[in-house]
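In full-length UniProt numbering, the protein residues as written are 1 to 496. Ideal placement from N, C-alpha and C gives every residue a C-beta, glycine not left out. Treat the numbers as computed from the prediction; the structure is a model and nothing was measured.
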Amino acid sequence: MPPLHLSTILASAPSTLLSQITRLGSKYGGKGHTVLFTLSNNFAHADDLQTVVNELTTFNDNSHGIIVQEGAETKAKCRTLGCLVDSFSSVKFLGSPTGNVSGNRDVLSCSIGVFESNFCVPFHSELLGRTEPQVGRWHAFRNKGSLTTSSSESKGDSSATTWEPDWGRMDIKQNSGDNAGEVDWEDIWSRSTSNTSSSSTSELLPDALRGIDPAHIQTVFTLSSPHPDTLTHVLSESLPESSALTLIASPTHFTTGRGVTLFLDGHIYGEGAIGLALLNDGTSNDAPSWRTEFLGVKTLSGPMTITSREGNMVNELNGSNPTKLLIAALGTTGTSPSSQLANASPTTPHFKDEEQFALGVISSDGQWSSTYKITAGDPSSRGGSLSLDAPSAPEVGSVVQFLRFSSTQALEIPPSFNTSSPEHNDTIPRKKLAVLTVPEPSESSVPDSHSLRILADTFLVPSTKGFIFSPGNTSTYKPSTWTCSLPGGSVIFEWK
1 MPPLHLSTIL
11 ASAPSTLLSQ
21 ITRLGSKYGG
31 KGHTVLFTLS
41 NNFAHADDLQ
51 TVVNELTTFN
61 DNSHGIIVQE
71 GAETKAKCRT
81 LGCLVDSFSS
91 VKFLGSPTGN
101 VSGNRDVLSC
111 SIGVFESNFC
121 VPFHSELLGR
131 TEPQVGRWHA
141 FRNKGSLTTS
151 SSESKGDSSA
161 TTWEPDWGRM
171 DIKQNSGDNA
181 GEVDWEDIWS
191 RSTSNTSSSS
201 TSELLPDALR
211 GIDPAHIQTV
221 FTLSSPHPDT
231 LTHVLSESLP
241 ESSALTLIAS
251 PTHFTTGRGV
261 TLFLDGHIYG
271 EGAIGLALLN
281 DGTSNDAPSW
291 RTEFLGVKTL
301 SGPMTITSRE
311 GNMVNELNGS
321 NPTKLLIAAL
331 GTTGTSPSSQ
341 LANASPTTPH
351 FKDEEQFALG
361 VISSDGQWSS
371 TYKITAGDPS
381 SRGGSLSLDA
391 PSAPEVGSVV
401 QFLRFSSTQA
411 LEIPPSFNTS
421 SPEHNDTIPR
431 KKLAVLTVPE
441 PSESSVPDSH
451 SLRILADTFL
461 VPSTKGFIFS
471 PGNTSTYKPS
481 TWTCSLPGGS
491 VIFEWK
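In structure tokens:
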């Protein structure tokens, strides 16, 4: 069932933002609806942040001057969930009726969605994210604890589930020519090891989702702490027909003292994830469609084929050294390779933050289907392998090309992200829920002269850490799960 309401509020002053939230609370609050919100984590004063958070978390508490004759059943249906996210400081909204709107570090944002409670299920997951792999290495020996839940950790349970290489299933390649006798590292590090087998994924599914027929779940939208690989794996295995979109929340160590700040029905969580499962209403046209967009991304090369990969490393492109191919592509575009590679050491060059590079996977229609940010590459080490910011690289045989994103200019948001823009001719406006990977805020952001702007029928959420998207088995989209941390990448859900 389509959302009852979606909007994104952009405001320069906390009081302006607060008044808009109060107005929506007066219309929808306390009426048995489920409310989803995201709030930017860039308030100048902690008191202002606390005031706005209180207004959002009590959205359904009938504290807005309205009188509702509610029974126990209506009150039970009132659910509220949300989190603190990154800001739109590094973006520019195009096509505003009053001109283009440039972000700055003071622009606050809040996205609000109101859903019919009979057709959605809020949930909380205690699964923790994995430890981030070392840059330039393929899943170097990590600390245990990828599957440890926050509850078991806090109780000091020594039997808490952990993830590590399944050494008992280590395979030595037999009779495979030049590879005979080698350790099959791909098998060792596979996430389909005994600790994450399909027989156990249902036990890791959030409690609120376990009793629901998977066929009734259309889409799962999740707000999470970083590297939620286990949760996204569990969702894709347990709900294979459902699309799933997981946004990485803003780090809030210096704001609330928590790694992330998640809200669900009066509870605050500093790790794990909260989310909303959207259910079908029995009609054939209530499911949202989705699409991807890549804003501000430029092509650096022609198509190439991945001929060797290992974990999150691409070892060969067209049978050649991939880092040398990237350097050559930079040269053909008039960009000096030496200016793009910050040589932290003679053997491990890293890419500068302001110039980000990626591999774009090309689909059968010739368009990019996904992007994988390149984190490191060395033309003289490991055959020039490229390290990608993802649990795994695209499959061998995937057609890709080098891409570039420059953070020296604001990321431009086209009018297509706002259903109120003139280019939309629909009789009934379409509602959109979208996530967008944005660059880190710039100190030189242009001041915004507009005190208020509302993106009607649009729930737009930014993240500097990116998102993970799985379209479900009903889609021909490849890859089956995509991790996007390159700025400009976006997934948009749209209801008719």
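Using the C-alpha atoms, what's the distance from residue j back to residue i?
i: A393; j: M313; result: 6 Å
i: T232; j: T246; result: 8 Å
i: T333; j: G272; result: 43 Å
i: L108; j: D365; result: 38 Å
i: T323; j: K27; result: 56 Å
i: G331; j: P487; result: 23 Å
i: I217; j: T481; result: 18 Å
i: N473; j: P462; result: 27 Å
i: G30; j: L128; result: 33 Å
i: T222; j: A277; result: 8 Å
i: A244; j: L433; result: 13 Å
i: L205; j: A358; result: 32 Å
i: F115; j: A390; result: 32 Å
i: E316; j: S363; result: 20 Å
i: M1; j: K431; result: 11 Å
i: I468; j: S200; result: 22 Å
i: A342; j: R23; result: Caution is warranted here: a pLDDT of 43 is assigned to A342, below 50, making its placement in the model unreliable, and the coordinate value is therefore given only provisionally. Each residue's Cα considered, the two are about 50 Å apart.
i: A11; j: S117; result: 29 Å
i: L460; j: T307; result: 37 Å
i: V399; j: L326; result: 15 Å
i: T256; j: S225; result: 14 Å
For residue i, decide whether its Cβ has a neighbour in chain B, counting only Cβ atoms nearer than 9 Å.
i: N42; result: Judged by its chain identifiers, the structure shown contains no chain B, having just a single protein chain.
Quick one: is residue i buried, meaning 16 or more other Cβ sit within 10 Å of its Cβ, or exposed?
i: F43; result: buried
i: E203; result: exposed
i: P346; result: Here P346 scores only 40 on pLDDT, less than 50, and its place in the model should not be relied on; the value that follows carries that caveat. Exposed: under 16 other Cβ atoms inside 10 Å.
i: R453; result: buried
i: T305; result: exposed
i: Q356; result: buried
i: T464; result: buried
i: I268; result: exposed
i: residue 497; result: Here the chain has residues from 1 to 496 only, and residue 497 is not among them.
i: A215; result: exposed
i: S451; result: exposed
i: K496; result: exposed
i: V491; result: buried
i: D207; result: exposed
i: E395; result: exposed
i: A46; result: exposed
i: P303; result: exposed
i: P429; result: exposed
i: N60; result: buried
i: E126; result: buried
i: R309; result: buried
i: G319; result: exposed
i: D213; result: exposed
i: T219; result: buried
My output table needs one value for residue i: the three-state DSSP class, helix, strand or coil.
i: H253; result: coil
i: P462; result: strand
i: E293; result: strand
i: A434; result: strand
i: Q50; result: helix
i: K92; result: strand
i: N118; result: helix
i: Q69; result: Bear in mind that the predicted position of Q69 carries a pLDDT of just 47, short of 50, making it too unreliable to give a figure here.
i: I492; result: strand
i: N107; result: For the record, residue 107 in the displayed sequence is Val; it is not Asn. Coil at V107, not helix or strand.
i: H227; result: coil
i: T58; result: coil
i: G113; result: strand
i: K31; result: coil
i: T481; result: coil
i: T333; result: coil
i: D316; result: Inspection of the sequence shows that residue 316 is occupied by Glu rather than by Asp. Residue state, collapsed to three classes: strand.
i: L237; result: Per the sequence presented here, residue 237 reads as Glu, with Leu not at that position. Note: E237 maps to helix in three-state DSSP.
i: L18; result: helix
i: S159; result: Low confidence applies to S159: its pLDDT is 34, below 50, so where it sits in the model is not reliable enough to give any reading.
i: E203; result: helix
i: H216; result: helix
Evaluate contact between the region 45-55 and the region 376-392, counting only Cβ atoms and requiring at least three cross-stretch pairs below 8 Å.
no
Can you give, in chain order, each stretch of the beta strand (DSSP E) that sits fully within the region 259-284 and has at least 3 residues?
Fully contained in the region 259-284 are the following beta strand (DSSP E) runs of length 3 or more, in chain order: 262-264, 267-269, 273-279.
Count Cβ pairs between the region 255-268 and the region 227-243 that sit closer than 8 Å; are there 3 or more?
no
Kindly confirm or deny that the region 428-441 and the region 83-93 touch, where touching means at least three C-beta pairs closer than 8 Å.
yes
3 or more residues per run - each beta strand (DSSP E) lying fully within the region 357-411:
368-377, 386-388, 399-406
I'd like to know if the region 378-388 and the region 402-410 are in contact, where contact means that at least 3 CB-CB pairs between them fall below 8 Å.
no
Please confirm if the region 246-259 is in contact with the region 295-303, defined as three or more CB-CB distances below 8 Å between the two stretches.
no
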